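First to last, the sequence lines map onto chains D and H.
With the working numbering applied, the first sequence corresponds to residues 1 to 133, in that order.
With the working numbering applied, the second sequence corresponds to residues 1001 to 1192, in that order.
Have a look at the structure below before the remarks.
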Amino acid sequence: MKIESWLFGTGVFFFVPVSIVYGFLTDWKEWVGILGILLVGGLAGMIGAYLGFTGKRVGMRPEDRDDAEIHEGAGEQGHFSPWSWWPLVLGLACAGGFLGLAVGFWILFVAAGLAVVALVGWVFEYSRGDHAH
Amino acid sequence: MVSVGTVVWLSSELMFFAGLFAMYFTLRSTSGELWSEETAKLNFPFALVNTIVLVLSSFTCQMGVFAAERLQPRRSGGLFQFARWGMNEWFILTFLMGAFFVAGQSTEYAMLTSEHVTLNANAYGSAFYMTTGFHGLHVIGGLIAFLFILGRSFAAKKFGHFEATSAIVTSYYWHFVDVVWIGLFLVIYVLK
């Protein structure tokens, strides 16, 4: 995962110096740009460092080698939901929430209740019923 | 997979807070004397205790993650044998510490309001409540996430990687919110 790590991580070496240069050019008075650019460096560093640590932990993957075969990457990739209604319910709750802000505040309470139902439904979808384990 | 997505999302959260920090510093550099008058009203020791509790909660959270990685949801010893605690015990402790922080924050808001530092009073009030308030909302979101993780853990007859993964990404979020608070604390209470 070295390549992924560098792809994101090198942003640090660009954005941090650029934010300092920006600071000098604006006499350290324009803080939106200074902090914005500096923390884009933080964003790049966060993802880069995380991928670097993960790369150290998992070691060489098949996709890191030129001579790897497709079947070497076979096996369990993680947990993926085949389908679910809950994102739709949560989306409706969010839409209702914004409708409430725009039209009438009381709608917000109905939407908040629906959001609680949707979140609980989504989080526990694979922990109960047929999927209880 | 889930953890990579979480880190990418957290990096976008960093930019959200970048906007809040930028707002704070911009208002500070354009408000002149207002800052020194208003920051004198802050209760530094109180905020420091609150900060220490939140930082320590990151450590208890990490202990819960280690337990989750061992796939151990429950304690295997007595209540005070901390070394044998499972994920549930550590996460409940983390939840209580996070709740302590939110309660402390609310108390601080009440104290500052009594000294006429409010959201609509002046630029300092706006900057203070917007930055700490959005951070507080994130902490409350984290507390809700801990309840969900505990719920999943209690619902599972067999605590497996499915439960552990969600516990680990929740800890990423909690550490992130903690680090943001350290930044806010330094900017608001130390730098003044």
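Heads up, the beta-carbon is just placed ideally off N, CA and C, and yes, glycines get one too.
Quick caveat: nothing in here was measured; it's all calculated off a predicted structure.
Closer than 8 angstroms to chain D by CB, residue i
i: residue 1054/H; result: no
i: residue 1111/H; result: no
i: residue 1071/H; result: no
i: residue 1068/H; result: no
i: residue 1192/H; result: no
i: residue 1155/H; result: yes
i: residue 1142/H; result: no
Rounded distance between the beta-carbons of residue j and residue i, thought under 8 angstroms
i: residue 5/D; j: residue 41/D; result: In fact, because the Cβ distance is near 15 angstroms, the residues do not count as touching under 8 angstroms.
i: residue 1156/H; j: residue 131/D; result: Going by Cβ atoms, the distance from residue 1156/H to residue 131/D rounds to 10 angstroms, so no, they are not a contact pair.
i: residue 1177/H; j: residue 1139/H; result: 6 angstroms
i: residue 1057/H; j: residue 1168/H; result: About 16 angstroms separates the two Cβ atoms, so there is no contact after all.
i: residue 1065/H; j: residue 1171/H; result: 5 angstroms
i: residue 1095/H; j: residue 1143/H; result: 6 angstroms
Residue-level contact to chain H via CB, residue i, 8 angstroms cutoff
i: residue 29/D; result: yes
i: residue 1/D; result: no
i: residue 47/D; result: yes
i: residue 42/D; result: yes
i: residue 61/D; result: no
i: residue 128/D; result: yes
i: residue 32/D; result: yes
i: residue 7/D; result: no
i: residue 35/D; result: yes
i: residue 50/D; result: yes
Distance cut-off 7 angstroms: residue i Cβ against heavy atoms of the ligand ATP
i: residue 1086/H; result: Of ligands this structure carries none, so the ligand ATP is not represented either.
With 16 other Cβ atoms within 10 Å as the buried cut-off, status of residue i
i: residue 998/H; result: Only positions 1001 to 1192 of chain H appear in this structure, which leaves residue 998/H out of reach.
i: residue 1073/H; result: buried
i: residue 1106/H; result: exposed
i: residue 91/D; result: exposed
i: residue 1088/H; result: buried
i: residue 35/D; result: buried
i: residue 1032/H; result: exposed
TODO: Mind checking the segment 1016-1050 of chain H against chain D and listing, in chain order, the residues whose C-beta falls within less than 7 angstroms of any C-beta there?
DONE: If the cut-off is 7 angstroms between Cβ atoms, the segment 1016-1050 of chain H has 1018, 1021, 1022, 1025, 1026, 1029 near chain D.
Task: Proximal residues, the segment 1119-1137 of chain H versus chain D, C-beta separation under 7 angstroms - done: Listed in sequence order: no entries.
TODO: Mind checking the segment 99-124 of chain D against chain H and listing, in chain order, the residues whose C-beta falls within less than 7 angstroms of any C-beta there?
DONE: Sequence-ordered contacts of the segment 99-124 of chain D with chain H read 123, 124 [C-beta pairs closer than 7 angstroms].
TODO: Could you pull out every unbroken alpha helix (DSSP H) segment of at least 4 residues lying fully inside the segment 79-118 of chain D, listed in chain order?
DONE: For the segment 79-118 of chain D, whole alpha helix (DSSP H) runs of length 4 or above, ordered along the chain, are 86-102.
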